[in-house]
Amino acid sequence: MKIQLTLASEESKPAEQIESQQVKPVTETRRVKLHFVKPVVKEIFAKSVLQCGRPPLTGYSLNCYQGCAFQCHYCYAKRYKDYFTERHLKTNEIEWGDFLIAKVNAPTILGHELQESEPGKEIFISSATDCYQWSEAKYELTRKCLQVLLRHKSKHPIRILTKSPLVTRDIDLLKQFPDLQVGMSIATNDEQVKRKFEGRSPSIKSRIWALEKLKQSGIKTFAGIAPILPLNARELAGMLEGKVEWAFLDGMNYPWLVQPLFKQFDYPSYQEYLKNVRRELLFEFRKKGIEC
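The letter at position 249 of the sequence shown is residue 256 when you use the numbering used here, and the numbering goes up by one with no holes.
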């Protein structure tokens with residue numbers, strides 16, 4: 008399966024207008040056009056890319072990038088922004104989402120680290136960035152790391168979580184792993200809510216499309232409803248029906264980061280909203296045969 012990528016920079020457009028960030032299948036040859044806001048990219052040579060995951064992760068995490076151009080306002084990694092920018096860009100004046108640190112030697116380092124990794128431990132891609140943000144179309148660091156992991160494919164289970172339909176580019180590699188799952192982070196069914204909270208991230212429609220393509224290719228799929236944003240539980244369950252085997256639900260690590268946004272949707276507090284909607288999601292997902 009070959010996917011043809013066309014990149015088009017839209018630096019002149021405000022983030023909220025870039026709804027064409029979705030991947031669109033144009034013909035059967037799968038031409039994919041990606042529109043993106045180009046971040047400032049710093050290429051570095053990392054000393055390590057495979058880290059022991061923090062709870063709730065029990066295995067390893069693999070991050071080929073630092074920072075994320077999707078600019079999700081609730082992202083826990085935002086708190087490391089000044090550290091990333093001062094260390095690599097020598098400034099802290101740049102905003103979250105406007106920069107990216109690319110670990111260009113990640114595949115080589117991964118190959119060395121896999122020789123000493125503990126067999127059976129899951130490798131999670133990625134915990135502190137999106138492994139398929141648009142710059143991945145150029146750097147292919149995630150793809151190259153998957154090629155390295157394939158040489159050790161029986162050693163570690165692999166779990167991927169992304170917001171990007173670019174993951175479908177690598178279906179040819181993904182379906183070769185004996186123990187691999189691909190998840191799509193879908194925190195709401197509402198595109199307007201998505202634009203408010205998740206900046207320049209791909210559309211919900213494109214993520215559902217990607218899940219369907221992955222499922223059709225025989226790849227195990229799941230959805231991450233995390234963090235739970237303003238949503239319609241019944242509609243979201245209907246969108247995911249038949250496209251995922253299971254889903255996990257989670258709240259927001261730092262809800263105060265987006266409290267003003269929640270007030271726009273008439274919710275006085277995030278915790279109050281979370282308590283009510285979690286019950287609705289569990290009910291609707293189980294009706295559709297989606298395990299939680």
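Quick reminder that beta carbons are idealized off the backbone N, C-alpha and C, glycines included.
Residue i, DSSP secondary structure in three states
{"i": "residue 67", "result": "strand"}
{"i": "residue 335", "result": "For the chain, the structure presents residues 8 to 299; residue 335 sits outside this window and is missing."}
{"i": "residue 75", "result": "coil"}
{"i": "residue 285", "result": "helix"}
{"i": "residue 61", "result": "coil"}
{"i": "residue 226", "result": "coil"}
{"i": "residue 175", "result": "helix"}
{"i": "residue 151", "result": "helix"}
{"i": "residue 159", "result": "coil"}
{"i": "residue 199", "result": "helix"}
{"i": "residue 184", "result": "coil"}
{"i": "residue 139", "result": "coil"}
{"i": "residue 214", "result": "helix"}
{"i": "residue 291", "result": "helix"}
{"i": "residue 93", "result": "helix"}
{"i": "residue 54", "result": "coil"}
{"i": "residue 205", "result": "coil"}
{"i": "residue 30", "result": "Bear in mind that the predicted position of residue 30 carries a pLDDT of just 35, short of 50, making it unreliable; the figure below should be weighed with that in mind. The answer is coil: DSSP assigns residue 30 none of H, G, I, E or B."}
{"i": "residue 220", "result": "helix"}
{"i": "residue 42", "result": "Residue placement at residue 42 is poorly supported in this model, since its pLDDT is 47, which falls under 50; the coordinates still yield a value, given next. In the structure shown, residue 42 sits in a strand (DSSP, three-state: E or B)."}
{"i": "residue 280", "result": "helix"}
Best match in the options for proximity to residue i [C-alpha to C-alpha]
{"i": "residue 277", "options": "295, 84, 237", "result": "237"}
{"i": "residue 245", "options": "220, 289, 78", "result": "289"}
{"i": "residue 61", "options": "235, 135, 216, 251", "result": "135"}
{"i": "residue 133", "options": "192, 94, 105", "result": "192"}
{"i": "residue 232", "options": "194, 171, 55, 217", "result": "194"}
{"i": "residue 139", "options": "170, 267, 124", "result": "170"}
{"i": "residue 5", "options": "243, 292, 56, 175", "result": "No answer is possible for residue 5: the residues shown for the chain start at 8 and end at 299."}
{"i": "residue 112", "options": "130, 148, 209", "result": "148"}
{"i": "residue 77", "options": "263, 57, 210", "result": "210"}
{"i": "residue 54", "options": "259, 242, 70", "result": "70"}
{"i": "residue 263", "options": "82, 202, 157, 154", "result": "82"}
{"i": "residue 253", "options": "48, 296, 241, 287", "result": "296"}
{"i": "residue 68", "options": "230, 182, 129", "result": "129"}
{"i": "residue 56", "options": "102, 115, 46, 161", "result": "115"}
{"i": "residue 127", "options": "225, 110, 65", "result": "65"}
{"i": "residue 47", "options": "59, 101, 84, 85", "result": "101"}
{"i": "residue 260", "options": "45, 80, 287, 202", "result": "80"}
Those residues which DSSP pairs with residue i across a bridge
{"i": "residue 49", "result": "108"}
{"i": "residue 168", "result": "190"}
{"i": "residue 304", "result": "Examination of residue 304 is not possible in this model, given that the chain is present from 8 through 299 alone."}
{"i": "residue 298", "result": "253"}
For residue j and residue i, believed in contact at Cβ under 8 angstroms, the rounded distance
{"i": "residue 150", "j": "residue 177", "result": "5 angstroms"}
{"i": "residue 284", "j": "residue 235", "result": "6 angstroms"}
{"i": "residue 152", "j": "residue 117", "result": "5 angstroms"}
{"i": "residue 96", "j": "residue 106", "result": "6 angstroms"}
{"i": "residue 265", "j": "residue 229", "result": "Contact flag wrong, Cβ pair sits at about 24 angstroms."}
{"i": "residue 188", "j": "residue 227", "result": "4 angstroms"}
I'd like the ranges of any beta strand (DSSP E) spanning at least 3 consecutive residues and lying wholly in the region 97–136. 106–110, 130–132
Would you list, in sequence order, the uninterrupted alpha helix (DSSP H) runs of no fewer than 4 residues that lie entirely inside the region 238–268? 240–247
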